[in-house]
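In numbering that gives the first Met the number 0, the protein residues as written are 0 to 430.
Note sheet for the following structure.
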Amino acid sequence: MREQDSDSTLTRRRMLQATGAAGAVGFAGCLSNVTDGGNGGGGNTLEVLHGWTGGDGQRAINALTEGFKEAHSDVDTDFRPIGGGGNTNLNTVVSNRLSQNDPPSSFAGWPGANLQKYDGVLGDLSDVWEEEGFTDSHLQEAVEACQYNDQYAAVPIGSHRLNCLFYNTSVVEDAGVDPDSMSSIDDLITAMDTVASETDATPMAQAMKAPWTTLQLFGVVLLGQEGYDSYMTFVDGEGGGDAVRSALETTSTILSNYISDDASQIGLTGANEMIMNGEAAFIHNGNWAAGAYRGNDLAYDEDWGFVPFPGTEGMYTFHLDSFIYPGNNPSPEATKTWMRYVGGTEAQVLFNTRKGSIPTRTDVPTDEFGPYLTETIDDFQNADQLPPTLAHGLAVSPNQLTNMKSAITENFTGPYDVEATATSLLDIAQQ
């Protein structure tokens, strides 16, 4: 990927400001020794926990783990999927294991500000990063996000873009709607009105079984309607109340009028299936949705399409998946072998081509990624701004994210109390 000029680099690094924010959920003192080898040597089983239990995620992790086992057949492995929307159950299991001084070898998680919750129990992968040259072969944003307390605590596996609007091409064609013509959220609302009047499809598929999807929708509406500066003002805890209230009003309009009646019972996979089955016109989600389309043999620009969420053209809402390295590691040598593999070219192709994400390595050939992900890589290279994702641990601290999701649950799941939600979100962002 091309070298960024200094102004662009400074803009992109704003997404990592929250890494040093207050509000860590620390485990300091929980582990008696956070150096490697707490349970003795590298001959133990490599135990990796992750939350990918279905759809695109399951295909991606299966390809990744099978590739590792083929490349390192001498390593005894235990790859353990733990289901639950937005990594909720995975995070609980990991937290319990760490607090009981029983860390897994590694676990999937978000780096950046999210690493604060593991303060005191993270191991040091600096030797792996140096030996493998990862600081030069991975995106600078990913390199910085995987550092904590001046050490490397994780290895990135892929990057997701969050400001995506996907659509079923047959539904929008039947409605006479052109997604490429939408330049504002007002245009999107007009298009959804047309879908409602001209077809039997739901205008927008939305999962509301967990609060993070609603928080994510609010975040992209804030970006698209109020702009990058207003979004950063909010996530940086510097105010922006009028913009937040306006974005919540628009989000309330969408949720009150354009989603399915059973949205509160639907998870992310179910909502995305509405697009694949032609039951809905649009869905806002990260580009993991495209991994599901590809995994179900749906063709880009034939069965489904994509545009940046209206109003966010030129932006790439940035999110990272990684594997995190606990200290007091039960299998340090095997775990570092896993981390070397995760950061390598083969792993990044196996995982990201199926997950609907793009590699964090800058030297991965794009010929296996297909037109959509190749377009996404190009969009990243040429983005004007990289706002950090709100609902996935880069823009705010772990405590703030937990409290924001609680605010959504309490005040914004129908009926939609804009004022109470705005007050809560603003207070939390400024903590």
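A virtual CB, placed ideally from N, CA and C, is assigned to each residue, including glycine.
Expressed to the nearest angstrom, what Euclidean distance is found between the alpha-carbon atoms of residue i and residue j?
i           : j           : result
residue 202 : residue 425 : 30 Å
residue 195 : residue 176 : 11 Å
residue 429 : residue 199 : 43 Å
residue 401 : residue 214 : 11 Å
residue 375 : residue 109 : 20 Å
residue 165 : residue 370 : 15 Å
residue 155 : residue 265 : 30 Å
residue 101 : residue 48  : 13 Å
residue 152 : residue 328 : 12 Å
residue 28  : residue 96  : Confidence is the limiting factor: at residue 28 the pLDDT is only 45, short of 50, which leaves the residue's position unreliable, though a coordinate-based value still follows. So the alpha carbons of these two residues sit roughly 14 Å apart.
residue 403 : residue 148 : 26 Å
residue 158 : residue 325 : 22 Å
residue 350 : residue 341 : 9 Å
residue 259 : residue 291 : 21 Å
residue 419 : residue 288 : 31 Å
residue 322 : residue 107 : 4 Å
residue 118 : residue 339 : 23 Å
residue 377 : residue 114 : 28 Å
residue 423 : residue 222 : 19 Å
residue 179 : residue 306 : 7 Å
residue 317 : residue 364 : 21 Å
residue 140 : residue 191 : 36 Å
residue 280 : residue 129 : 47 Å
residue 366 : residue 409 : 46 Å
residue 413 : residue 98  : 36 Å
residue 232 : residue 240 : 10 Å
residue 185 : residue 421 : 21 Å
residue 405 : residue 146 : 28 Å
residue 357 : residue 379 : 9 Å
residue 238 : residue 395 : 14 Å
Using beta-carbon positions only, say whether residue i and residue j come within less than 8 Å of one another.
i           : j           : result
residue 63  : residue 388 : no
residue 319 : residue 70  : no
residue 66  : residue 346 : yes
residue 282 : residue 333 : no
residue 314 : residue 415 : no
residue 249 : residue 220 : yes
residue 187 : residue 217 : no
For residue i, which residues does DSSP report across the bridge?
i           : result
residue 320 : 157
residue 307 : 163
residue 299 : 303
residue 105 : 47
residue 314 : 384
residue 446 : Examination of residue 446 is not possible in this model, given that the chain is present from 0 through 430 alone.
residue 325 : 121
residue 415 : 411
What does a CB cutoff of less than 6 Å around residue i pick up in its chain, not counting 5 residues either side in sequence?
i           : result
residue 46  : 77, 103 and 104
residue 123 : 150
residue 242 : 225 and 229
residue 355 : 55, 286, 287, 289 and 290
residue 267 : 206
residue 263 : 207
residue 368 : 352
residue 311 : 162, 222 and 223
residue 43  : 329 and 330
Please determine whether the Cβ atom of residue i lies at a distance below 7 Å from any heavy atom of the ligand FAD.
i           : result
residue 303 : Among the components modelled here there is no ligand, and therefore nothing to report on the ligand FAD.
Keeping to the same chain, check which residues put their C-beta closer than 8 Å to that of residue i; ignore five residues upstream and five downstream.
i           : result
residue 81  : 48, 49, 50, 52, 88, 89 and 92
residue 277 : 167, 169, 170 and 200
residue 362 : 136 and 344
residue 251 : 411, 415 and 417
Within a Cβ cutoff of 7 Å, which residues of the same chain sit near residue i, ignoring the five residues on either side of it in sequence?
i           : result
residue 236 : 428 and 429
residue 360 : 136, 137, 344 and 347
residue 74  : 45, 333 and 336
residue 58  : 294 and 353
residue 470 : Here the chain covers residues 0 to 430 and nothing more, so residue 470 does not appear.
residue 297 : 275 and 303
Jot down the residue ranges of each uninterrupted beta strand (DSSP E) in the region 195 to 249, minimum 3 residues, whole runs only, in chain order.
As far as the region 195 to 249 is concerned, its whole beta strand (DSSP E) runs of at least 3 residues are 201 to 204.
Could you pull out every unbroken alpha helix (DSSP H) segment of at least 4 residues lying fully inside the region 327 to 389, listed in chain order?
DSSP assignment within the region 327 to 389 yields the following whole alpha helix (DSSP H) runs of 4 residues or more, N-terminal first: 331 to 341, 344 to 354 and 369 to 380.
Only counting runs of 4 or more residues, tell me where the alpha helix (DSSP H) segments fall wholly within the region 116 to 161, in order along the chain.
If we require 4 residues or more, the alpha helix (DSSP H) runs fully inside the region 116 to 161 come out as 125 to 131, 133 to 136 and 139 to 144.
Quick check on the DSSP output: what are the complete alpha helix (DSSP H) runs of length 4 or more inside the region 45 to 102, in order along the chain?
Correct list: 54 to 70 and 87 to 98.
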